[in-house]
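So the sequence shown is numbered by the numbering used here: it starts at 847 and just counts up by one.
C-beta atoms are modelled at their ideal positions from N, C-alpha and C, and glycine is treated no differently.
Below: the structure, in structure tokens.
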Amino acid sequence: MDGTKVMGLRNVSSICSLSEMDDHDLSRLLDKPRLNIERQRSFDERSLSELPMILTRGSYDNYEGMHSPCGRSGIDTPASWDRNSFDPHPIVAEAWEALRRTLVYFRGQPVGTIAAYDHASEEVLNYDQVFVRDFVPSALAFLMNGEPEIVKNFLLKTLQLQGWEKKVDRFKLGEGAMPASFKVLHDPVRKLDTIIADFGESAIGRVAPVTLDSEGFDTFPTLLCADGCSMIDRRMDVYGYPIEIQALFYMALRCALSMLKQDAEGKDCIERIEKRLHALSYHMRSYFWLDFQQLNDIYRYKTEEYSHTAVNKFNVIPDSIPDWIFDFMPTRGGYFIGNVSPARMDFRWFCLGNCIAILSSLATPEQSVAIMDLIEARWDELVGEMPLKIAYPAIEKHEWRIVTGCDPKNTRWSYHNGGSWPVLLWLLTAACIKTGRPQIARQAIDLAETRLLKDGWPEYYDGKLGRFIGKQARKYQTWSIAGYLVAKMMLEDPSHLGMIALEEDKQRKPMIRRSCSWNC
């Protein structure tokens, strides 16, 4: 976007107009495999043997198939609770009211939700904008409540913004770049609404969205990323091949397969995607996976191996293994580590990446169960008194000074450096339901309900156990509110999981030759 010219959406000519796109059936774009989970009674009451986790490849006949069959019933009685016997927690109605206060309108139509509705804060910064990333839990909440219109409007707007010419300091971004956020400006005199998009040129640290238009100089199927390219958008030593981006990339490729047409052009893309998925799944399951046995193997690695028979393929130095991992790793359990590249393994736990790995079926069923085993075994470390740790453990002392550049926001056990983020509740809940472990999600939600409303829906919590409201946390953070609502609705009606989880593709299941934690 040219910073010297304010453009309205009607001026965008690189894609079709709004009126043309309104007639487009978005349900075709959202046709994807879903988990066939029948709604019977409260999920917590069902035993593991009763879970109908038979995965079928189905499709949505229309947009209404994306959400519960109930119609919207009003602000204080969400549709997903209106017609059954489930007794919602008292803060549910408060959460819905708070979520609706964050709605942003363009020409009278809702197009998204602002990042935070915190009137007590003196600095608004960009928290009054609609963030593409932050809107995901809000979109799911409205879909599950039978309100797809706002999600449709949001998709149309972001697709139109994608057609703009994007420049940051005279550098033109790739054509596929989505905006990081956008803001609606209302002119009451002229009665005109204008959208201003931010593709990273105004963001703190000039963090731009990830684009996929360059794969040069790379020998791996994973995506090479800069630091600050994910939910962790500040310096936290996640450059390289962060698990969060790889898991999201895997899910995006699988979703693309279900949306591409089987014509000449589509078949070529499908073939390329299939090859990439096969290589990506093998790479991630083989080299990013860590359990007790694999940790022991790495501890005994020889170095400077040459030839295709090398066991230590990335020449990882055993002495670089951090001391904390030996106590953290349980006998049963495992997870995808944060990063793998030549001579480097980031052993930190990242919640979002591991949950997405489960939901996308990047993790095998056995690995998914092992991740749940790890969360249960290390509950105090990963959940504590407020779910959930975005990363574990925190970076401290000299390492913190070097890695973060003495970032005052990312001090130990705060913000992205081991802080606790309530928004991650919906991802944990979805992963728990898919693996047949709803009791884990219920326990985490119960913890959150004791404080979230009372504390004003903070953005994040600080401390090793997540006991303190974050020192710079915004109140009434939208995705904290929406994440809670989505988690509650999925527990009450597990069929909602079909919106966000993909079945396992057995054709891509690799042979993992080493013994695994689930066989211990």
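- In the DSSP assignment, Leu1123 falls within the alpha helix (DSSP H) that extends over 1110 to 1129.
- In this chain, the beta strand (DSSP E) harbouring Leu1136 covers 1135 to 1137.
- Taking the Cβ atoms as the reference, Phe1045 lies roughly 5 Å from Pro1025, within the contact range of under 8 Å.
- Inter-segment contact for the region 1160 to 1179 and the region 1131 to 1146 is present: three or more beta-carbon pairs are separated by less than 8 Å.
- When the beta-carbon positions are compared, Tyr963 and Ala944 come within less than 9 Å of each other.
- Contact between Tyr1330 and Ala1043 fails: their C-beta atoms lie close to 29 Å from each other, not under 8 Å.
- Within the DSSP bridge table, the entry for Tyr1181 names Leu1136 as partners.
- By alpha-carbon distance to Pro1088, the top candidate from Cys1075, Ile1167, Asp1308 is Cys1075.
- With a 10 Å radius around the Cβ and a threshold of 16 neighbouring Cβ atoms, Cys1252 comes out exposed.
- For Gln1008, the CB contacts under 6 Å within the same chain, skipping 5 residues up- and downstream, are Met1024 in chain order.
- Every beta strand (DSSP E) of 3 residues or more that sits fully in the region 1152 to 1203 is shown, in chain order, as 1180 to 1182, 1185 to 1187, 1190 to 1192.
- The alpha-carbon of Lys1321 is positioned some 26 Å away from that of Glu1242.
- In the DSSP assignment, Thr1040 forms a beta bridge with Leu1031.
- For Met990, the closest of Ala1333, Phe1134, Gln1289 by C-alpha to C-alpha distance is Ala1333.
- Gln1323 places its beta carbon 9 Å or farther from that of Tyr1261.
- Separation of Leu1299 and Pro1268 (C-alpha to C-alpha, rounded to the nearest whole angstrom) is 12 Å.
- Within the model, the alpha-carbon separation for Trp1272 versus Leu1198 is close to 10 Å.
- Secondary structure note for Phe1066: it is in no beta strand (DSSP E), with a DSSP letter that is neither H nor E.
- Residue pairing from DSSP leaves Leu1103 without any beta-bridge partner.
- Contact check for Gly958 against Phe1028 passes: the beta carbons are separated by less than 9 Å.
- Secondary structure at Leu1007: helix, using DSSP grouped into helix, strand and coil.
- Distance from the CA atom of Ile996 to the CA atom of Ser984, rounded to whole angstroms, is 10 Å.
- In its chain, beyond the 5 residues on either side, Trp1259 have a beta carbon closer than 7 Å to the beta carbon of Gly1309.
- Secondary structure at Asp1308: strand, using DSSP grouped into helix, strand and coil.
- Relative to the Cα of Arg1118, the nearest Cα in the group Ser1127, His1129, Leu1103, Met1130 belongs to Leu1103.
- In the DSSP annotation of this structure, Val938 is not part of any beta strand (DSSP E); the continuous alpha helix (DSSP H) holding it starts and ends at 937 to 946.
- In the DSSP assignment, Phe988 falls within the alpha helix (DSSP H) that extends over 981 to 990.
- Leaving aside the five residues that flank Ala1203 on each side, the residues in its chain whose CB is nearer than 7 Å to its CB run, in chain order, Ala1093, Phe1182, Ala1209.
- Collapsing the DSSP output to three states places Ile960 in a strand.
- The Cβ atoms of Ala961 and Gln975 lie closer than 9 Å to each other.
- Val997 sits in a helix when the DSSP states are folded into three classes.
- Non-local beta-carbon contacts of Phe1160 in its own chain, meaning distances under 8 Å to residues more than five positions away in sequence, involve Tyr1133, Val1186, Ser1187, Pro1188, Ala1189, Arg1190, Met1191 in chain order.
- Excluding its 5 nearest sequence neighbours in each direction, Gly1302 has C-beta neighbours in its own chain below 7 Å: Lys1321, Tyr1322, listed in chain order.
- Bounds of the alpha helix (DSSP H) holding Tyr1330 are 1324 to 1338.
- Beta bridge pairing from DSSP links Tyr1238 with Trp1195.
- As the crow flies, the alpha-carbon of Leu1070 is around 19 Å from that of Arg1100.
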